[in-house]
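Below is one structure, written out as structure tokens, with a few remarks after it.
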Amino acid sequence: MDIIFKNVSYTYQVGSPFETTALDDVSLEINGGQVTAIIGHTGSGKSTLLRHLNALSIPTAGELKIGDLVITPKSKEKEVSALRKNIGVVFQFPEAQLFEQTVEKDIMFGPKNFGVSVEEAKKIAREVILAVGLDESYLEKSPFDLSGGEKRRVAIAGVLAMEPKLLVLDEPTAGLDPRGQREVMEMFMRLHKEKGIGIIMVTHNMDDVANYADTVVAMSQARVLFHDETINLIEREEELRTHSLELPFTLKFYKELKEMGMPIYEPRLSIEGLAREIKGVVENG
Ligand SMILES: Nc1ncnc2c1ncn2[C@@H]1O[C@H](COP(=O)(O)OP(=O)(O)OP(=O)(O)O)[C@@H](O)[C@H]1O
Ligand SMILES: [Mg+2]
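Quick note: the sequence shown uses numbering that gives the first Met the number 0, first residue 0, plus one each step.
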């Protein structure tokens, strides 16, 4: 499901004293099979961009294409709601939306709403609880008795239960400890690789960008600054700094080595890749 924004603008609370343009003439093409990171300073419009992907917000101007569906300011809720079957959105702190008595019921809620039988929904709940790295015993627990990280996983399981083709994630690891962050990100990457689910994620963590994203969309003040392959960030350090953003650690380190005169050949995004480059220089030089 590829996504094309054509001159999309979005304004909150039109005509009120709180009127805010959160997207300003955004044109953007996202390959729905890849992992795309969206970065930008607070208030730059990242979450608003995501809200358009499952039609929680409809453009105030311009046009948005998601797969075959065209969304314009005239689109009606009824026409666009089918999107929500294919696009799973994990908002910031999704655990706040858990509400059923048991984890199983919470996970079954979405599929049942889309007409899946109780039996089938139970089967799906078993599959997705395992997919998020918890065992079946969790299904009988109350979501409110779980740790923060466990709640996050249950909320994500509820999104996976809809069998989305595309996952849209708004700071999916915010508030988790470093280990929880890594586990949740690796879970998403496993789903991406094994099931071919595309991922669009907002993150403030540039190392997650380096480790996981194929391309990066940078936003500033309701506009898209650039959309580029992750490795090309190396050419954009100044630009990033101007907008209170920075390079991922591996690219920063590569530049330092280069500036110190080390004859290192290629920049690498992963720690392992960078270490291999350095080893090559040490052994050959
Ligand atoms: N419901 C709303 N009513 C009015 N203005 C809003 C509303 N929601 C967001 N805004 C404004 O729209 C702009 C973009 O907000 P958005 O939440 O998309 O930013 P963001 O990039 O996700 O920020 P953050 O990194 O803090 O999550 C901000 O100026 C924000 O104050
Ligand atoms: Mg946000």
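Where a beta carbon is used, it is the ideal one built from N, C-alpha and C, also for glycine. None of these values were measured; they are calculated from a predicted model.
Please tell me whether V131 and P142 are closer than 7 Å, where the distance is taken between their beta carbons.
no
From K278, K5 and I196, residue whose alpha carbon lies closest to that of R222
K5
Please classify R287: does DSSP put it in a helix, a strand, or coil?
This structure does not reach residue 287, given that the chain is present from 0 up to 284, and the question cannot be answered.
Quick check on E242: does DSSP put it in helix, strand or coil?
Correcting the residue identity first, residue 242 is His in this sequence and not Glu. H242: coil per DSSP, three-state reduction.
Residue burial classification, K73 (beta-carbon count within 10 angstroms, cutoff 16)
exposed
Looking only at its chain, what residues have a beta carbon closer than 6 Å to the beta carbon of L165, apart from the 5 residues adjacent to it on each side?
Excluding residues within five positions, the ones whose Cβ falls inside 6 Å are M0, G31, I86 and G197.
Under 7 Å, Cβ to Cβ, is there at least one residue of chain B near F98?
Judged by its chain identifiers, the structure shown contains no chain B, having just a single protein chain.
Pair every Cβ in the segment 164-180 with every Cβ in the segment 199-214, then say whether three or more of these pairs are closer than 8 Å.
yes
Measuring from the CB of S46, is there a heavy atom of ligand 2 at a distance below 6 Å?
yes
By Cβ distance below 6 Å, which residues in the same chain neighbour Y102 in space, the five residues on each side in sequence not counted?
The identity of residue 102 in the sequence shown is Val, whereas the question assumes Tyr. So the qualifying residues of the chain are Y137, L138, K140, P142 and V153.
Based on Cα-Cα distance, which residue from L224, E162 and R125 lies nearest to K194?
E162
For A54 versus L27, is the C-beta distance shorter than 7 Å?
Remark: C-beta atoms of A54 and L27 do not approach each other more closely than 7 Å.
Below 8 Å, how does it come out for the segment 183-192 and the segment 235-250: are there three or more Cβ pairs, yes or no?
The segment 183-192 and the segment 235-250 do not touch, with fewer than 3 CB-CB distances between them shorter than 8 Å.
Using DSSP with H/G/I as helix, E/B as strand and the rest coil, what is A160?
coil
Own chain residues within Cβ distance below 8 Å of F108, not counting five before or after
E99 and G157
Q12 beta carbon near ligand 1 (any heavy atom closer than 6 Å):
yes
Continuous beta strand (DSSP E) stretch holding T10: start and end
I2 to Y11
Using only CA atoms, which one of L49, A212 and Y253 lies nearest to L88?
It should be pointed out that residue 88 corresponds to Val in this sequence rather than to Leu. Looking at the Cα atoms, L49 is the closest of the given residues.
Check whether the Cβ of G42 sits closer than 6 Å to any heavy atom of ligand 1, and report yes or no.
yes
Confirm the yes/no value for this check: CB of T202, any heavy atom of ligand 4, distance under 6 Å.
Ligand 4 is absent from the structure shown, which contains only ligand 1 and ligand 2.
Own chain, CB closer than 8 Å to E149, minus 5 neighbours either side, in chain order:
So the qualifying residues of the chain are L133 and Y137.
Would you list the residues sitting across from E28 in a DSSP beta bridge?
DSSP links E28 through a beta bridge to I3.
Does the beta-carbon of D105 have 16 or more other beta-carbons within 10 angstroms, so that it is buried, or is it exposed?
buried
Is R151 buried or exposed, if buried means 16 or more other CB atoms sit within 10 Å of its CB?
buried
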